[in-house]
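Visitor: Can you keep this structure in mind? I'll have questions shortly.
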Amino acid sequence: MLKAKAQCLCGAVTIAANQINPKFTVCHCDSCRGWGGAPFFAVQCGTDVLIEGQDHIKEYDSSAWASRSFCAECGTHLFYKLKESGAYNMSVGIFSGLDGIEMDMQYFSDQRPDYYCFSNKTNEMTRAEIMAYFASAVSSTATE
């Protein structure tokens with residue numbers, strides 16, 4: 004596990020993550036691509052996270068199992084947080100000097116548009132596999 008510090012563009016929010024998984028993930032779902040205009044590159048940080056500037060964070064309840072948060076001052080995408088466990092998936096780009104990481108998993112791989120691809124050999128999960136995994140938290144009308 005890695006440790007690193009991060010901050011939003013304006014510095015109103017600072018984050019210290021103490022258990023970063025060096026194998027990062029990429030999500031191709033419609034929500035992630037709509038949120039940032041591209042797939043969401045995230046490092047799993049667990050729950051050992053210290054956040055300063057909480058009053059500058061805006062949270063959006065984006066699915067039955069998670070929320071997304073960003074800095075209300077500068078708009079920096081900060082994290083995707085799982086409701087059940089409280090675990091954080093932080094945007095890779097907010098960490099400076101995060102060395103030794105590698106792409107390991109691509110979520111919603113069947114929703115990846117044809118206009119980009121990665122040459123990395125990774126594990127992949129489709130929409131159906133994700134929905135089955137989160138079945139207990141998803142209602143029949145929920146979307147990613």
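Residue numbering for the sequence shown follows the working numbering, starting at 4 and increasing by one per position.
Here a beta-carbon is modelled for each residue, glycine too, at the ideal position from N, C-alpha and C.
#1: Taking just the CA atoms, how far does VAL29 sit from TYR1?
#2: Could you spell out the range, first to last residue, of the alpha helix (DSSP H) harbouring CYS74?
#3: Return the chain-ordered ranges of every alpha helix (DSSP H) run that is complete within the segment 84 to 145 and spans a minimum of 4 residues.
#4: Per DSSP, GLN57 forms a beta bridge with which residues?
#5: With distances taken between CB atoms, is the gap from LEU81 to CYS74 smaller than 8 Å?
#6: Under a Cβ-count criterion, where at least 16 other Cβ atoms within 10 Å of its own Cβ denotes burial, should ALA138 be classed as buried or exposed?
#7: Excluding the 5 residues preceding and the 5 following LYS8 in the sequence, name in chain order all residues of the same chain whose CB lies nearer than 6 Å to its CB.
Guide: So, from the listed chains and residues:
#1: Any answer about residue 1 is impossible in this case: the structure gives the chain only from 4 up to 147.
#2: Where CYS74 is concerned, there is no enclosing alpha helix (DSSP H), although the beta strand (DSSP E) it sits in stretches over 69 to 74.
#3: 130 to 136
#4: None; GLN57 has no bridge partner.
#5: Remark: C-beta atoms of LEU81 and CYS74 approach each other more closely than 8 Å.
#6: Under the 10 Å beta carbon count, ALA138 is surrounded by fewer than 16 other beta carbons and is classified as exposed.
#7: ALA19
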